[in-house]
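Undergrad: Structure below; questions to follow.
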Amino acid sequence: MLAALLRHTVNQVDARTRHDLSVLVEHRRHLELDMHKRELELSQREKAMARRATITAIRLGSHARALDEARNANTALRAKNSSLMQEIEEVNDERNQLITAELTLAHDRFTSKTYGGLRAVVGSEQSHPDPHARAGYGSRPPRSGS
Numbered sequence: 003m004l005a006a007l008l009r010h011t012v013n014q015v016d017a018r019t020r021h022d023l024s025v026l027v028e029h030r031r032h033l034e035l036d037m038h039k040r041e042l043e044l045s046q047r048e049k050a051m052a053r054r055a056t057i058t059a060i061r062l063g064s065h066a067r068a069l070d071e072a073r074n075a076n077t078a079l080r081a082k083n084s085s086l087m088q089e090i091e092e093v094n095d096e097r098n099q100l101i102t103a104e105l106t107l108a109h110d111r112f113t114s115k116t117y118g119g120l121r122a123v124v125g126s127e128q129s130h131p132d133p134h135a136r137a138g139y140g141s142r143p144p145r146s147g148s
């Protein structure tokens, strides 16, 4: 009877141990599945981050190219602007020279030196003066003493 009691106790301990082991095995299987699931998610996140990094590098390269093109265009526009400003200065200098020359000519026409050299307007009486008339006296005789 003692042997039967011992067998029964050993069987109960064995059954509890098997049950506990099966619970542990099931728990371990759950943990392994959970770990595998986390590793898979981590791998997917790493791949997604690698894709994002690649896309970001491509975008960055595209932006860098666009920036270089904009800088080159800006440099070209600055050079063109400088050239046009220089051309404007040259045209203004020529214009100022022409205005100065025209004002000088107009001034010379109306100074006392050249006033006698002005010609009468074509079609007026003065354009064909009387060859017998003397300048400045008209029909009056000159004063005595001159």
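Position in the sequence shown (first residue = 1) + 2 = this note's numbering.
Ideal placement from N, C-alpha and C gives every residue a C-beta, glycine not left out.
What you are looking at is a predicted structure, and each value in this text was computed from that prediction instead of being measured.
#1: From residue 99 to residue 71, what does the alpha carbon distance come to, in whole angstroms?
#2: Pick helix, strand or coil for residue 11, following the three-state DSSP scheme.
#3: Cα separation between residue 26 and residue 39?
#4: Can you give the Cα-Cα distance for residue 82 and residue 93, rounded to whole angstroms?
#5: Around the Cβ of residue 19, are there at least 16 other Cβ atoms within 10 angstroms (buried) or fewer (exposed)?
#6: For a test of the three-state rule: what should DSSP assign to residue 106, helix, strand or coil?
#7: Compute the Euclidean distance between the alpha carbons of residue 29 and residue 48, then round it to the nearest angstrom.
#8: Can you give the Cα-Cα distance for residue 31 and residue 64, rounded to whole angstroms?
#9: Nearest-angstrom Cα distance between residue 4 and residue 12?
TA: The answer reads as follows:
#1: Position 97 of the sequence shown, counted from the start, is the residue given in the question as residue 99. Position 69 of the sequence shown, counted from the start, is the residue given in the question as residue 71. Answer to the nearest angstrom: the Cα atoms are 42 Å apart.
#2: For the purposes of this step, residue 11 is taken as the residue at position 9 of the sequence shown. Residue state, collapsed to three classes: helix.
#3: By 1-based counting over the sequence shown, the position of residue 26 is 24. By 1-based counting over the sequence shown, the position of residue 39 is 37. Computed Cα separation, rounded: 19 Å.
#4: Along the sequence shown, one-based indexing puts residue 82 at 80. Along the sequence shown, one-based indexing puts residue 93 at 91. Distance between the alpha carbons of residue 82 and residue 93 is about 16 Å.
#5: Counting from 1 along the sequence shown, the entry for residue 19 is found at position 17. Exposed: under 16 other Cβ atoms inside 10 Å.
#6: Taking the first residue of the sequence shown as 1, we reach residue 106 at position 104. Helix.
#7: Residue mapping note: residue 29 aligns to position 27 of the sequence shown, counting from 1. Residue mapping note: residue 48 aligns to position 46 of the sequence shown, counting from 1. Approximately 28 Å, taken between the alpha carbons.
#8: Taking the sequence shown and counting its residues from 1, the one referred to as residue 31 is at position 29. Taking the sequence shown and counting its residues from 1, the one referred to as residue 64 is at position 62. So the alpha carbons of these two residues sit roughly 49 Å apart.
#9: Counting from one through the sequence shown, the residue named residue 4 turns up at place 2. Counting from one through the sequence shown, the residue named residue 12 turns up at place 10. Approximately 12 Å between the Cα atoms of the pair.
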